[in-house]
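Here the sequence shown stands for residues 5 to 124, numbered as in our numbering. What follows is one structure encoded as structure tokens, with my remarks underneath.
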Amino acid sequence: MNLLDLVEKNYAKKDVETMPEFRTGDTIAVHAKITEGEKTRIQIFQGVCISIKNERNLNGHFRIRKMSSGIGVERVFPFHSPSIDKVEVMQRGKSRRSKLYYLRERSGKSARIAIDYDRK
Numbered sequence: 005m006n007l008l009d010l011v012e013k014n015y016a017k018k019d020v021e022t023m024p025e026f027r028t029g030d031t032i033a034v035h036a037k038i039t040e041g042e043k044t045r046i047q048i049f050q051g052v053c054i055s056i057k058n059e060r061n062l063n064g065h066f067r068i069r070k071m072s073s074g075i076g077v078e079r080v081f082p083f084h085s086p087s088i089d090k091v092e093v094m095q096r097g098k099s100r101r102s103k104l105y106y107l108r109e110r111s112g113k114s115a116r117i118a119i120d121y122d123r124k
């Protein structure tokens, strides 16, 4: 066993296998742990998944984008991050691309993604 295998074994999170399946275009709510001083609380970050890199891999992550007071906010969550408590899929979206970076320039109705009723 080399050093990389040892690091992957120690830092791999077991909850990644129980994480729900999602794709780009889906609306996701991520329950993230926030530490303020000695207190820890859970904050929900809900938005559209605009990209996924190396799904469920140790160095993989997904990017969530939401609008907050008219300003776009993006946040990157690693799959094996200890700060992720839970991931929920709120709505399935139809997308024909793997990266939805074009949503950054759009606003209003053109920034919406159609709901995929066929996928469960």
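No residue lacks a Cβ here, since even glycine has one placed at the ideal position from N, Cα and C.
Buried versus exposed, by CB contacts within 10 Å (16 or more), residue i
i: Ile48; result: exposed
i: Val52; result: buried
i: Leu8; result: exposed
i: Ile117; result: buried
i: Val91; result: buried
i: Ile54; result: buried
Other residues of its chain near residue i: CB distance less than 6 Å, five sequence neighbours each side excluded
i: Lys17; result: His84
i: Arg123; result: Arg96
Cα-Cα separation between residue i and residue j, rounded to whole angstroms
i: Ala33; j: Arg69; result: 11 Å
i: Glu42; j: Lys98; result: 42 Å
i: Ile80; j: Phe66; result: Looking at the sequence itself, residue 80 is Val, so the reference to Ile does not match. Each residue's Cα considered, the two are about 6 Å apart.
i: Ser102; j: Thr44; result: 34 Å
i: His35; j: Met94; result: 13 Å
i: Gly74; j: Arg100; result: 26 Å
i: Met5; j: Tyr15; result: 15 Å
Own chain residues within Cβ distance below 8 Å of residue i, not counting five before or after
i: Val20; result: Arg60, Phe83, His84
Extent of the continuous beta strand (DSSP E) run through residue i
i: Val11; result: Looking at the DSSP string, Val11 is not in any beta strand (DSSP E); the run it does join, the alpha helix (DSSP H), is 7-15.
i: Asp89; result: 88-95
i: Glu40; result: 31-40
Interface flag, residue i vs chain D, CB-CB below 8 Å
i: Leu8; result: Protein chains in the displayed structure number just one, and chain D is not present.
7 Å CB neighbourhood of residue i in its chain, flanking five on each side removed
i: Asn58; result: Gly64
i: Lys37; result: Thr44, Ile46, Ser87, Asp89
Return the chain-ordered ranges of every beta strand (DSSP E) run that is complete within the stretch 42-87 and spans a minimum of 3 residues.
-> 43-57, 65-72, 75-82
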